[in-house]
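Contents: one structure, followed by commentary.
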Amino acid sequence: MKALTNSLLVKTYVKAKQMNLSPDFIGLVTSEMEERKLSNTTTHSDKGSNIKYTKKSR
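Counting in our numbering, the sequence shown runs from 65 upward without gaps.
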């Protein structure tokens, strides 16, 4: 997971949720996001999803 950029990690999370992938896999991705102190917001449009991520404040 360390090789993924923050942006790609969040995109992976969103896509995994959309595809109803294994809860174990989603848990791994979520754990990595928490370790990096990332949160995500997803907005949907006709052209697809715009994914934004922010560092959580301490």
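For each residue, glycine too, the CB sits at the ideal point set by N, CA and C.
The structure displayed is predicted, hence computed values, not measured ones.
query	result
Report the CB separation of glutamate 98 from methionine 65 in whole angstroms; it is logged as a contact under 8 angstroms.	Actually they are not in contact, since the Cβ atoms of glutamate 98 and methionine 65 sit about 12 angstroms apart, beyond 8 angstroms.
Return yes when the Cβ of arginine 100 is within less than 9 angstroms of the Cβ of leucine 72, no when it is not.	no
Which class does leucine 72 belong to by DSSP, given the choice of helix, strand or coil?	helix
Can you find the residues in the same chain that come closer than 6 angstroms, C-beta to C-beta, to isoleucine 90, ignoring five residues on each side of it along the sequence?	Ala80
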